[in-house]
Structure formats: structure tokens, C-alpha cells
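S.K.: There's a structure below that I have some questions on.
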Amino acid sequence: MTTLGYKRMAGTSAVFLREDYNGASPVERDGMVWQAEELHLHELPATLSPLDAMANALALEGLEDYDPATHGDLRQVNSIGKSFVYLASIRGWVQVDDATALEKQQ
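Numbering (the numbering used here), first residue to last: 44 to 149.
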């Protein structure tokens, strides 16, 4: 069974997009592929905290200065049309599929 990988987004230090994303690719071309286990996706909290959408992934990292993220924060990234969850253990944002995001919000 093949597991889905994630790639770091170009210009960020801790924002990861699923490698099967089929839009214009903002990921590092030659970067490593990370597995869900490495990104600690098994640590998703039972309930996510939906917050305001961000214009782009770079804005997610910009939050550190004025609105630090907490474990389980969920934000839509408008330029990509996908949701990202903050995982405290990696101090980073990882794309979650829409079904997971909706399920965790309820």
C-alpha cells in the first residue's frame, strides 16, 4: 500500500502540502518527501479550531510574530484552496483533506 507523502512549500520552513496536490505547485521541487507519521498527523486533536482564512501559505508562518498558532488551529489558505492544521510537535502547518477538516470541526 502506498502512503501519501507531503512536501515542504517553497519559501516556508514549516508548511507542508500533500504531494498529490494538482494545482500550480508551490512545493520545493527537489525537497524531501515527508510521510504522515513523520509529521505527527496521528496527533490531530479530536476537535480542530477553525480560524480566519489566510491569503497564502507564507502568511501562515507570518502569524508567529503577532498571533502564534496553537495545536489544532485550522486555517484555509485561499491561494491553494486547501485547509492546514497546526501541529505543535513539529511547530508547523500540514494540509488536511476537506473531509478530515469538516469532521474534526463537528
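Ideal placement from N, C-alpha and C gives every residue a C-beta, glycine not left out.
What's the C-alpha gap between D73 and R118?
M.R.: 26 Å
S.K.: Could you have a look at Y64 and say whether DSSP puts it in helix, strand or coil?
M.R.: Three-state result, Y64: coil.
S.K.: Assuming L47 and A79 are in contact, meaning their beta carbons sit under 8 Å apart, how far apart are those beta carbons, in whole angstroms?
M.R.: 7 Å
S.K.: Classify M44 as buried or exposed, calling it buried when 16 or more other Cβ atoms lie within 10 Å of its own Cβ.
M.R.: Here the model assigns M44 a pLDDT of 38, short of 50, so the residue's position is not dependable and the matter cannot be decided.
S.K.: Measuring straight from C-alpha to C-alpha, what distance separates V58 and K125?
M.R.: Those two C-alpha atoms are separated by around 12 Å.
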